[in-house]
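This report concerns only the one structure given below.
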Amino acid sequence: MTIESFSLFFDAEQRVATRNTKVHHIINFFTFLTEVKKSALTFGVSDLSSFLISTKVLKKDSEAGAAKPLNIEDIILIRNFLKNDYRKLFLFEMVYQYGFEFDDLVQCTEDNYDFDLGVVSWQVQLEFLFQCQDMQRTPLMHSF
Numbered sequence: 001m002t003i004e005s006f007s008l009f010f011d012a013e014q015r016v017a018t019r020n021t022k023v024h025h026i027i028n029f030f031t032f033l034t035e036v037k038k039s040a041l042t043f044g045v046s047d048l049s050s051f052l053i054s055t056k057v058l059k060k061d062s063e064a065g066a067a068k069p070l071n072i073e074d075i076i077l078i079r080n081f082l083k084n085d086y087r088k089l090f091l092f093e094m095v096y097q098y099g100f101e102f103d104d105l106v107q108c109t110e111d112n113y114d115f116d117l118g119v120v121s122w123q124v125q126l127e128f129l130f131q132c133q134d135m136q137r138t139p140l141m142h143s144f
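The following block contains the structure:
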């Protein structure tokens, strides 16, 4: 195995941070092989560092991929666009206002939603709900 054979593996990754993580994992693996298992390699482990992307490029890539907050016009536009699709509107509100993630959204069912209070009430999320004081006081959706 030559060091050039790693190029295709590392170049397949589009995200710079993920590429660098892969490079570090491979470096750690081959360091383990050479130092602990005393294996002989056809290349130096330090040569793999040439596949790392500089921190300047890494920072630029992470800034480009960072989430940009929605402005008020965008929020109103999304709400108006979804006003007749209650499920998607509900999902938008849960993700945008309360930061719900996939595991939280999976638990959002009609059985777990109190339409009178406008809150989701299931045992697993009680701690989260107590932290969201606004969520307990005001209904999420007035159109239900």
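Counting from 1, one number per residue, gives the positions in the sequence shown under this note's numbering. Positions of the beta carbon are idealized from the N, C-alpha and C atoms, including for glycine.
- Put simply, the region 70-80 does not touch the region 43-55. Fewer than three CB pairs are less than 8 Å apart.
- Closest by C-alpha distance to residue 96, out of 61, 68, 116, is 68.
- When Cβ pairs closer than 8 Å are counted between the two stretches, the region 53-68 is seen not to touch the region 84-94, the count staying below three.
- Exposure of residue 84 is indicated by the presence of fewer than 16 other C-beta atoms within 10 angstroms of its C-beta.
- Every unbroken stretch of the alpha helix (DSSP H) spanning 4 or more residues and falling wholly within the region 29-74 is given here in chain order: 55-65.
- Partner residues in a beta bridge of residue 98, as assigned by DSSP, do not exist.
- Where residue 82 is concerned, there is no enclosing alpha helix (DSSP H), because DSSP gives it neither an H nor an E.
- Membership of residue 9 in the alpha helix (DSSP H) is indicated by the continuous run 5-11.
- Under the 10 Å beta carbon count, residue 19 is surrounded by 16 or more other beta carbons and is classified as buried.
- The Cβ-Cβ distance between residue 34 and residue 2 does not fall below 8 Å.
- For residue 2, the three-state secondary structure derived from DSSP is coil.
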